[in-house]
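Reading through the structure tokens given below for one structure.
Chains as they are written, first to last, in our numbering: chain C, 1 to 273; chain Y, 274 to 557.
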């Protein structure tokens, strides 16, 4: 059931991207998204593509592994593209009865598809190269100044890491329960929507019961170890910037500037794209 | 004739960095009426093997025959196989979901397509078979004690009247008394109903007294297959894979190595050791 859920699953490898400080990668993600949605024209597109290719090569994660996780989201992209093609007003270039395709629609659809695809691949590299723990550590550190205005940054980060930690546990548990119920002759694959929804009850009830039990155990274990929130808490591996992190920041900034420069200078060069 | 496993190999997530071979070329024949102890350490592949026997996992290569039929055949009805091969998973109490114990035990027979009356009858029989206390039949399964929950879960599988019963670490997390009760119960089911039983465990101590055959798994491979006597005679090899023989076997082996018992003589159960020692004393 969850075999193909590789999207965002950490992929262990020894690459420069894996070693980068999670804060750099978080900011990198933001910069990448800004670049993606602000580029205009072919030169900008080439620059963004160059950036994406660069990180794909650097992260040492097989491209097939990345794409495998995207398959499910492909449907979403296709639906978005179809809506763009057929429902955007503009100059009609092809028509059959009420269905018409316009030039702006076609252009939007292509652009949209590229952007969505790039967005998913680019951001999934973030989670492919960063362990959930690093990720929450990075977020906690990045948003630490917000503590001053009473935002419980540490608590939120702790909740996030616990939630992330529970995903594989609950996945495994779901599989176990499914196997147990299948062994009792349960059938999850056939029947209409209602029958299938009803077939989920024997999975969901034990799953919830176990999840609450686990949450209780965890809370107890944390309290037994005197956990009392973030105040005065130190880290085993505190985040520390290295030279490579500063270089990465410079490269990121260079790409960002590049996109805006190209956008400004080549505004009218490529047929409005 | 029951099960024949022919060169079964299974790999988790093949073709990725997470790829891991859990079963490596397993060949095995399981006869009707066998009482088998499947022993191995955590991660040796025993649970994976068990999931092959009722078709929950499909081998990467190799074939399984049940009563002479290839279970990987497209025409083969896996649902039917699952009603004939009942599997009680580790911590089976985690599968309980209904409002009452009775309803939960009826889940299996209902999936088999029996009518309400037959389901109730089967559930009642199964609960009786596991010696479940009568006054708790209509209780919520979540309010039971650990040992009773497990009994209810086992009854849930028994209600389907399987010809083969597989129990994956049935005694894990139980107190000594519930453990003994459960093992006696399994023995009773095997002896009275003649069903084939496969009991997975990581301890020889648990199974030696009950089974007629032991399978030892280590590092995805089947290392030993034989009667408790045959398997325990490989004591040194077993110790190499960090499995120890039962205390009573160890004791009798020491006795024989010091000359108190005949050379090479050892027992697998306490009763056997008792007889052995008394016989030796009488002979002197």
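Even glycine gets a Cβ: it sits at the ideal position worked out from N, Cα and C.
Bear in mind the structure is a predicted one, so any value in this text is a computation, not a measurement.
Using beta-carbon positions only, say whether residue 494 of chain Y and residue 367 of chain Y come within less than 8 angstroms of one another.
Here residue 494 of chain Y refers to the residue found at position 221 when the second chain is read from its first residue. Here residue 367 of chain Y refers to the residue found at position 94 when the second chain is read from its first residue. Result no, Cβ atoms of residue 494 of chain Y and residue 367 of chain Y do not sit closer than 8 angstroms.
Per-residue DSSP class, three states only, for residue 181 of chain C:
For the purposes of this step, residue 181 of chain C is taken as the residue at position 181 of the first chain. Reduced to three states, the DSSP call for residue 181 of chain C is helix.
Neighbouring residues, chain C, relative to residue 379 of chain Y (Cβ below 8 angstroms)
By one-based count along the second chain, residue 379 of chain Y stands at place 106. Within 8 angstroms Cβ-Cβ: nothing; residue 379 of chain Y doesn't reach chain C, min ~10 angstroms.
Counting Cβ pairs, one atom from each stretch, are 3 or more of them under 8 angstroms apart for the stretch 505–525 of chain Y and the stretch 328–339 of chain Y?
Taking 8 angstroms as the limit for Cβ pairs, the verdict is that the stretch 328–339 of chain Y does not touch the stretch 505–525 of chain Y.
Cβ closer than 8 angstroms: which chain C residues qualify as neighbours of residue 329 of chain Y?
As a position in the second chain, residue 329 of chain Y is number 56, starting the count at 1. Contact note: residue 329 of chain Y reaches chain C through 179, 182 and 183, using a C-beta cutoff of 8 angstroms and chain order.
Who are residue 17 of chain C's beta bridge partners in DSSP?
The residue labelled residue 17 of chain C in the question sits at position 17 within the first chain. According to DSSP, which records beta bridges pairwise, residue 17 of chain C is partnered with nothing at all.
Let me check understanding here. Comparing Cα to Cα, which of Y/309, Y/415 and Y/289 lies closest to residue 497 of chain Y?
Indexing the second chain from 1 puts residue 497 of chain Y at position 224. Y/309 is the residue among Y/309, Y/415 and Y/289 whose C-alpha sits nearest the C-alpha of residue 497 of chain Y.
Residue 64 of chain C - partner residues in DSSP beta bridges
Numbered from its first residue, the first chain carries residue 64 of chain C at position 64. As computed with DSSP, residue 64 of chain C is found in no beta bridge at all.
Between residue 425 of chain Y and residue 417 of chain Y, is the Cβ-Cβ spacing less than 8 angstroms?
Your numbering for residue 425 of chain Y matches position 152 in the second chain. Your numbering for residue 417 of chain Y matches position 144 in the second chain. Going by beta carbons, residue 425 of chain Y and residue 417 of chain Y fall inside the 8 angstroms limit.
Here's the rule I'm using: 16 or more other beta-carbon atoms within 10 Å means buried, otherwise exposed. How should residue 283 of chain C be labelled?
In the structure as shown, chain C starts at 1 and stops at 273, and residue 283 of chain C therefore has no counterpart that could be examined.
Please tell me whether residue 118 of chain C has its Cβ less than 8 angstroms away from any Cβ of chain Y.
Along the first chain, read from residue 1 onward, the residue named residue 118 of chain C stands at position 118. So no, residue 118 of chain C is outside the interface.
Sheet register partners of residue 310 of chain Y (DSSP bridge)
For the purposes of this step, residue 310 of chain Y is identified with residue 37 of the second chain, where counting begins at 1. The partner list for residue 310 of chain Y (beta bridge, DSSP) reads Y/472 and Y/487.
Would residue 60 of chain C pass as an interface residue toward chain Y - the criterion being a Cβ-Cβ separation below 8 angstroms?
Here residue 60 of chain C refers to the residue found at position 60 of the first chain. No - not a single Cβ of chain Y is within 8 angstroms of the one on residue 60 of chain C.
In this structure, does DSSP put residue 357 of chain Y in helix, strand or coil?
Here residue 357 of chain Y corresponds to residue number 84 of the second chain, with the count starting at 1. The answer is helix: DSSP assigns residue 357 of chain Y an H, G or I state.
Short Cβ contact (8 angstroms threshold) for residue 489 of chain Y with residue 428 of chain Y
By one-based count along the second chain, residue 489 of chain Y stands at place 216. By one-based count along the second chain, residue 428 of chain Y stands at place 155. 8 angstroms or more divides the Cβ of residue 489 of chain Y from the Cβ of residue 428 of chain Y.
Taking residue 296 of chain Y as part of the beta strand (DSSP E), name the residues at either end of that continuous run.
Your numbering for residue 296 of chain Y matches position 23 in the second chain. Residue 296 of chain Y -> beta strand (DSSP E) spans 293–303.
Is the Cβ of residue 316 of chain Y closer than 8 angstroms to any Cβ of chain C?
As a first step, residue 316 of chain Y is located in the second chain; it is residue number 43 there, counting from the start. No - not a single Cβ of chain C is within 8 angstroms of the one on residue 316 of chain Y.
Note down, in chain order, each residue of its chain lying with its Cβ closer than 7 angstroms to the Cβ of residue 272 of chain C, except the 5 sequence neighbours on either side.
Counting from 1 along the first chain, the entry for residue 272 of chain C is found at position 272. Reliability fails at residue 272 of chain C, whose pLDDT of 48 lies under 50, so the model's placement of it is uncertain and no value is given.
Any C-beta of chain Y under 8 angstroms from that of residue 217 of chain C
As a position in the first chain, residue 217 of chain C is number 217, starting the count at 1. Cβ-Cβ to chain Y under 8 angstroms: no for residue 217 of chain C.
Start-to-end residues for the alpha helix (DSSP H) that takes in residue 438 of chain Y:
Counted from its first residue, the second chain places residue 438 of chain Y at position 165. For residue 438 of chain Y, there is no enclosing alpha helix (DSSP H); the enclosing beta strand (DSSP E) covers residues 437–441.
Residue 463 of chain Y lies in the alpha helix (DSSP H); which residues open and close that run?
The count along the second chain starts at 1 and reaches residue 463 of chain Y at position 190. Counting along the chain, the alpha helix (DSSP H) containing residue 463 of chain Y begins and ends at 449–466.
Residue 65 of chain C: contacting residues in chain Y (beta-carbon distance under 9 angstroms):
Here the question's residue 65 of chain C lines up with position 65 in the first chain. Chain Y residues near residue 65 of chain C: 289 and 290.
Out of Y/534, Y/373, Y/522 and Y/381, point me to the one whose CA is closest to residue 556 of chain Y's CA.
Position 283 of the second chain, counting from 1, holds the residue named residue 556 of chain Y. It is Y/534.
Should residue 72 of chain C be labelled buried (16 or more other beta-carbon atoms within 10 Å of its own) or exposed?
Residue 72 of chain C sits at position 72 when you count from the first residue of the first chain. Result: exposed.
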